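Q:
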Amino acid sequence: MRRLAPMLLAALAVMAAACEKKTQPTPSGEAGTQAAQGQSGSAASGTPPASSDTILLGQVGALTGGQATFGISTRNGIELALKEANAAGGVNGKKLAIRVYDNQSKPEEAAQAATRLITQDKVVLILGDVASSNSLAMAEKAQAAGVPMITPSSTNTTVTEKGDYIFRVCFIDPFQGFVMAKFAREDLKLSKVAVLQDNKSAYSIDLSGVFTRKFTEMGGKVVTTESYSQGDTDYRAQLTAIKKTQPDGIYVPGYYSEVGVIARQAREVGLKVPLMGGDGWDSEKLFELGGSAIEGSYFSNHYSPDNPDPRVQKFIADYKAAYGAVPDALAALGYDAARVAVESLKRAKDLSGPSVRDAIAQTKDFPGVAGTVTLDDKRNAVKSAVVLKVGDGKTQYVTTISP
Amino acid sequence: MQSPALPVPEAPSLVPPALRGILPLLIAIPTLALFHWSLTGSDFATYLLSVVGVNIILAVSLNIVNGMTGQFSIGHAGFMAVGAYIAGYTSLQLKEVALSFLPVSASDQVLFMLALLVGGVAAALCGFLVGLPSLRLRGDYLAIVTLGFGEIIRVFVQNTDAFGRALGLSGIPQYSSPGMVFFWVFLVVLAARRLAGSSHGRSLWAIREDEVAAEAMGVDTTGYKVRAFVFSSFFAGIAGGLFAHFVPIINPGSFTFVRSMEIVVMVVLGGLGSTTGAVVAAIFLTLLPEGMRSLFGALGTEGSLAQRVDQIRMPIYGLLLVVLMLSRPQGLFGTKELWDVLPRWLPRKRRGLA
Chain S
1 MRRLAPMLLA ALAVMAAACE KKTQPTPSGE AGTQAAQGQS GSAASGTPPA
51 SSDTILLGQV GALTGGQATF GISTRNGIEL ALKEANAAGG VNGKKLAIRV
101 YDNQSKPEEA AQAATRLITQ DKVVLILGDV ASSNSLAMAE KAQAAGVPMI
151 TPSSTNTTVT EKGDYIFRVC FIDPFQGFVM AKFAREDLKL SKVAVLQDNK
201 SAYSIDLSGV FTRKFTEMGG KVVTTESYSQ GDTDYRAQLT AIKKTQPDGI
251 YVPGYYSEVG VIARQAREVG LKVPLMGGDG WDSEKLFELG GSAIEGSYFS
301 NHYSPDNPDP RVQKFIADYK AAYGAVPDAL AALGYDAARV AVESLKRAKD
351 LSGPSVRDAI AQTKDFPGVA GTVTLDDKRN AVKSAVVLKV GDGKTQYVTT
401 ISP
Chain C
404 MQSPALPVPE APSLVPPALR GILPLLIAIP TLALFHWSLT GSDFATYLLS
454 VVGVNIILAV SLNIVNGMTG QFSIGHAGFM AVGAYIAGYT SLQLKEVALS
504 FLPVSASDQV LFMLALLVGG VAAALCGFLV GLPSLRLRGD YLAIVTLGFG
554 EIIRVFVQNT DAFGRALGLS GIPQYSSPGM VFFWVFLVVL AARRLAGSSH
604 GRSLWAIRED EVAAEAMGVD TTGYKVRAFV FSSFFAGIAG GLFAHFVPII
654 NPGSFTFVRS MEIVVMVVLG GLGSTTGAVV AAIFLTLLPE GMRSLFGALG
704 TEGSLAQRVD QIRMPIYGLL LVVLMLSRPQ GLFGTKELWD VLPRWLPRKR
754 RGLA
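These protein sequence lines are chains S and C, in that order. Per our numbering: the first sequence = residues 1 to 403. Per our numbering: the second sequence = residues 404 to 757.
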């Protein structure tokens, strides 16, 4: 005990000392936005000469982990866009290169990879991840360092609220909830709908929240809201509870991996009504997992491969030639994000963070394959959504719903 | 199994007795200050070293339970989550508050320290509540209970609005710095080493080797186990608190069972019971994936090979672990410490049992 007392005392003294020691670094952490912006603004403007003939972009995506197919599709889309841009002469004579890092579907890994892209690789621009929490972690780092970031498909509203360097080329979650509510009420003429949400995903909670509100406003009734967690394998309890309320439809705004199983089990417990969902359904795996059970269901999405627009068809043909699969929406959004980035880099007066940011912010009526992109003052894309129907192991285009 | 070396104070010591207690601190503080100063401006090193530091704290603290006491806890990420969320939440609430008698940045650090301690104490409390009933039992029960605890915490956070539910808690002021993280690394290593050599620590070793024999020798096994567990949980909470203050967003996905196992792997790889082993393993395993990334990055940016390879980084990591464990099943150092396994020609102090 006698030895403990001086130690405690010393520890206290050290804590005081430690606090004082931290006085210099904190400003850079806390006032990091201004300080780092100024600093990296100059750093960024200093970097372009270093890579005189190539412009390096960065991407952080979930190449492994639970959302791997999303990350890989996005990467393929981006790769394709850059290949085309390079074939067309690059940006003002400079070739584009991209460095892709995996984030294992974890936010701390995403932040680490983004920091690496910014400080080690000195990228001009970052293309974000699919999952919103990962994009949020990256957005924080990109904003602090003054490096523009475009997320292809993070639909959570808070992502672009991080700051003026963060953009997206997709619509936001509330809009998808609205689209499905409108479609269910006006096109399918449903009046009683049950909601089955994934409590583990903010995306799912957000979509079901807006859906519930809008659907009720439009005169429908949400009879019950049940939840599950990503990774569950048995949903019979929730589905039985839903069955008791006899709904006309079930809104399941989850990810394909669970939705496929949910569809099967819904048919097992005797629920014959259509399922509805959001863009999280969009994967080839959905048909594999859901089989015939998922047929006759609807989901809102960013784009449809059935769209006859020649631009879309050309993209699909090119993508098929390169990767041997029909591109999903995430690939299309990745493609659009990369093309918006390339266009902005062409327009930017130099490659420093602020000029690229301003160039991206001016994006207006950009003809993307997943709809025309116009960025509003909150840096979100204003665009319409499509509703797709699942049938015969593929998706069929049903309708387009505009904001 | 051999018992650990006792840090017997050598008779002719250069250090005056009065200073011996605080000597590590006297050495560590200037070193930390220098370390901190050298890192200003390099964001990536700062981030990476902070992650390394947090992992060291986690591994060393888990080593107290899994290594020294021979219990098997696999819910360390749960305690980390408690610390992270409680400390993060405290900091969020205190964001606008500043101590009037201090400059803003200093007051932020004081509040940060306060938040850390709140998080640590909350985790310790959870450790006490979890440990008290389950540590009375022997064998695998602690593993089951801690596993359950980790999952409960995650599910609880996922369904609590105040903690940001599934999206996670963001906007926590980023007060942390490598200096601060390594100050805690230093504290936990110091505490673990002191504990290992103390009579308290010897009781823990006795429990590890043979619980019945230890009890027969008059060791209050439950009491010692619970204390070790609470101690370990406290530092896990601190690690979580630090984590929350440099990662922009904390999310239940970061505190899964897999995370707990990563920490267990660090402890096992370093050698159960070896503090420095845990430190070395934590550093190695944290830097390994990033090192592979650098290696593959050197293959070129254009080549899609580098991109494909980033994808198989984790399987390679797993494979390396398997190889390491096959070649050294007792871990890198066994129960020894770093200085016991260094080559003999290095000048070192003679140990009683080396």
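Note that beta-carbon positions come from the ideal geometry of N, C-alpha and C, so glycine has one too. Note that this is a predicted model, so its numbers are computed, not measured.
Contact between the segment 245-255 of chain S and the segment 349-365 of chain S is defined here as three or more beta-carbon pairs at a separation below 8 Å; is this criterion met?
A: No, the segment 245-255 of chain S is not in contact with the segment 349-365 of chain S.
Q: Check the Cβ of V454 of chain C against every Cβ in chain S and list those closer than 8 Å, keeping chain order.
A: As a working mapping, residue 454 of chain C is identified with position 51 in the second sequence. Near V454 of chain C (Cβ distances below 8 Å), the residues of chain S are E108, Q112.
Q: Check whether chain C comes within 7 Å of R168 of chain S, counting only Cβ atoms and requiring the distance to be less than that.
A: Residue 168 of chain S sits at position 168 when you count from the first residue of the first sequence. No, R168 of chain S does not count as interfacial toward chain C.
Q: Quick one: does D543 of chain C have its CB under 7 Å from some CB of chain S?
A: Sequence index remark: in the second sequence, residue 543 of chain C carries index 140 (1-based). Taking Cβ atoms only, chain S never reaches closer than 7 Å to D543 of chain C, which makes this a no.
Q: To be precise: take each residue of the segment 447-478 of chain C, compare its Cβ to all Cβ atoms of chain S, and keep it if any distance is under 9 Å. Which residues remain?
A: So the close ones are F447, A448, T449, Y450, L451, V454.
Q: Tell me the start and end of each unbroken alpha helix (DSSP H) in the segment 123-211 of chain S that is at least 4 residues and wholly inside, in chain order.
A: Counting only runs of 4 or more, we get 132-145, 173-182.
Q: Measure the alpha-carbon distance for D358 of chain S versus A348 of chain S and round it to whole angstroms.
A: Here residue 358 of chain S refers to the residue found at position 358 when the first sequence is read from its first residue. Here residue 348 of chain S refers to the residue found at position 348 when the first sequence is read from its first residue. Rounded to whole angstroms, D358 of chain S to A348 of chain S spans 8 Å at the Cα level.
Q: Under 8 Å, CB to CB, which of the residues in the segment 632-656 of chain C have a partner in chain S?
A: Under the 8 Å Cβ criterion, the segment 632-656 of chain C contributes F646, V650, P651, I652, I653, N654, P655, G656.
Q: In the DSSP assignment, what residue or residues form a beta bridge with R311 of chain S?
A: Looking up residue 311 of chain S in the first sequence gives position 311. Paired residues: none, contrary to the question.
Q: Whole-angstrom Cβ separation of T472 of chain C and R539 of chain C, contact assumed at under 8 Å?
A: Stepping through the second sequence from its first residue, residue 472 of chain C is reached at position 69. Stepping through the second sequence from its first residue, residue 539 of chain C is reached at position 136. Actually they are not in contact, since the Cβ atoms of T472 of chain C and R539 of chain C sit about 14 Å apart, beyond 8 Å.
Q: If you draw a straight line from the C-alpha of R379 of chain S to the C-alpha of P152 of chain S, how long is it?
A: Indexing the first sequence from 1 puts residue 379 of chain S at position 379. Indexing the first sequence from 1 puts residue 152 of chain S at position 152. If you take the alpha carbons of R379 of chain S and P152 of chain S, they lie about 12 Å apart.
Q: Of all the CB atoms in chain S, is at least one closer than 7 Å to the CB of Q561 of chain C?
A: Along the second sequence, read from residue 1 onward, the residue named residue 561 of chain C stands at position 158. By this cut-off, Q561 of chain C is an interface position.
Q: Could you give the first and the last residue of the continuous alpha helix (DSSP H) run that contains V457 of chain C?
A: For the purposes of this step, residue 457 of chain C is taken as the residue at position 54 of the second sequence. Where V457 of chain C is concerned, the enclosing alpha helix (DSSP H) stretches over 446-465.
Q: What residues from the segment 153-166 of chain S come within 7 Å of chain C, judged by C-beta to C-beta, listed N to C?
A: Residues passing the 7 Å Cβ filter: N156.
Q: Please classify Q396 of chain S as buried or exposed, where buried requires at least 16 neighbouring CB atoms within 10 angstroms.
A: Here the question's residue 396 of chain S lines up with position 396 in the first sequence. Exposed: under 16 other Cβ atoms inside 10 Å.
Q: Drop a sphere of 10 angstroms on the beta-carbon of I430 of chain C, count the other beta-carbons inside from all chains shown, and report buried for 16 or more, exposed for fewer.
A: Numbered from its first residue, the second sequence carries residue 430 of chain C at position 27. Classification for I430 of chain C: exposed.
Q: Measure the beta-carbon distance from S494 of chain C to A501 of chain C and round it to whole angstroms, keeping in mind my assumption that it falls under 8 Å.
A: Within the second sequence, residue 494 of chain C is the residue found at index 91, counting from 1. Within the second sequence, residue 501 of chain C is the residue found at index 98, counting from 1. Actually they are not in contact, since the Cβ atoms of S494 of chain C and A501 of chain C sit about 13 Å apart, beyond 8 Å.
Q: Is the segment 200-208 of chain S close to the segment 284-298 of chain S, with three or more CB pairs under 8 Å?
A: No: fewer than three Cβ pairs fall under 8 Å.
Q: For the alpha helix (DSSP H) containing G534 of chain C, list its first residue and its last residue.
A: On the second sequence, position 131 is the one that residue 534 of chain C refers to. Its alpha helix (DSSP H) spans residues 507-537.
Q: Who are the neighbours of M620 of chain C on chain S, taking C-beta pairs under 9 Å?
A: In the second sequence, residue 620 of chain C corresponds to position 217, counting from 1. Simply none; closest approach about 24 Å.
Q: Report all residues from its chain with a CB closer than 6 Å to the CB of I652 of chain C; omit the five preceding and five following residues, and keep chain order.
A: The count along the second sequence starts at 1 and reaches residue 652 of chain C at position 249. Correct list, in chain order: G571, S573.
Q: Looking at chain S, is there any beta carbon in it that lies within less than 7 Å of the beta carbon of L690 of chain C?
A: Residue 690 of chain C sits at position 287 when you count from the first residue of the second sequence. Cβ-Cβ to chain S under 7 Å: no for L690 of chain C.
Q: Report the residue from S:E258, S:G277, S:A237 whose alpha carbon sits nearest the alpha carbon of G270 of chain S.
A: For this step, residue 270 of chain S is matched to residue 270 along the first sequence. Per the Cα distances, S:A237.
Q: For A266 of chain S, collect the residues of the same chain with a Cβ closer than 6 Å to its Cβ; drop the 5 residues on either side in sequence, then sort them by chain order.
A: Position 266 of the first sequence holds residue 266 of chain S. Excluding residues within five positions, the ones whose Cβ falls inside 6 Å are L239.
Q: Answer yes if the segment 126-142 of chain S comes into contact with the segment 153-173 of chain S, meaning at least three C-beta pairs across the two stretches below 8 Å, and no otherwise.
A: They touch, by the three-pair rule.
Q: Is there contact between the segment 114-127 of chain S and the segment 539-557 of chain C, where contact requires at least three CB pairs shorter than 8 Å?
A: Touching, no, given that fewer than three Cβ pairs across the two stretches are closer than 8 Å.
Q: Which residues does DSSP pair with A381 of chain S in a beta bridge?
A: Looking up residue 381 of chain S in the first sequence gives position 381. According to DSSP, A381 of chain S bridges with S:L375.
Q: Got a sec? Which residues, its chain only, sit under 7 Å from E614 of chain C by beta carbon, not counting five neighbours each side?
A: Reading the second sequence from its first residue, position 211 is the one you call residue 614 of chain C. Cβ neighbours of E614 of chain C beyond the five flanking positions: R541, T624.
Q: Could you give the distance in angstroms between the alpha-carbon of T404 of chain S and the alpha-carbon of P174 of chain S?
A: As displayed, chain S neither begins before 1 nor continues past 403, which places residue 404 of chain S out of reach and without an answer.
Q: State the start and end residues of the unbroken alpha helix (DSSP H) segment that holds E295 of chain S.
A: Taking the first residue of the first sequence as position 1, residue 295 of chain S is located at position 295. Where E295 of chain S is concerned, there is no enclosing alpha helix (DSSP H), given that its DSSP letter is neither H nor E.
Q: Look at the alpha carbon of D328 of chain S and the alpha carbon of T400 of chain S, and state the distance between them as a whole number of angstroms.
A: Position 328 of the first sequence, counted from the first residue, corresponds to residue 328 of chain S. Position 400 of the first sequence, counted from the first residue, corresponds to residue 400 of chain S. Taking the straight line joining both Cα atoms gives about 17 Å.
Q: Are the CB atoms of P581 of chain C and L442 of chain C within a distance shorter than 7 Å?
A: For the purposes of this step, residue 442 of chain C is taken as the residue at position 39 of the second sequence. For the purposes of this step, residue 581 of chain C is taken as the residue at position 178 of the second sequence. Yes, these two residues count as a Cβ contact at 7 Å.
Q: Where do the N-terminal and C-terminal ends of the alpha helix (DSSP H) with S227 of chain S fall, by residue?
A: Locating residue 227 of chain S in the first sequence gives position 227, where the first residue counts as 1. From DSSP, S227 of chain S is part of no alpha helix (DSSP H) but of the beta strand (DSSP E) over 221-228.
Q: Looking at the unbroken beta strand (DSSP E) that takes in K364 of chain S, where does it start and where does it end?
A: Numbered from 1 along the first sequence, position 364 holds the residue referred to as residue 364 of chain S. Here K364 of chain S belongs to no beta strand (DSSP E), and DSSP marks it neither H nor E.
Q: Quick check on this structure: which residue in C:V683, C:A642, C:Y450 has the alpha carbon closest to the alpha carbon of V524 of chain C?
A: Taking the first residue of the second sequence as position 1, residue 524 of chain C is located at position 121. Here the closest residue by C-alpha is C:A642.
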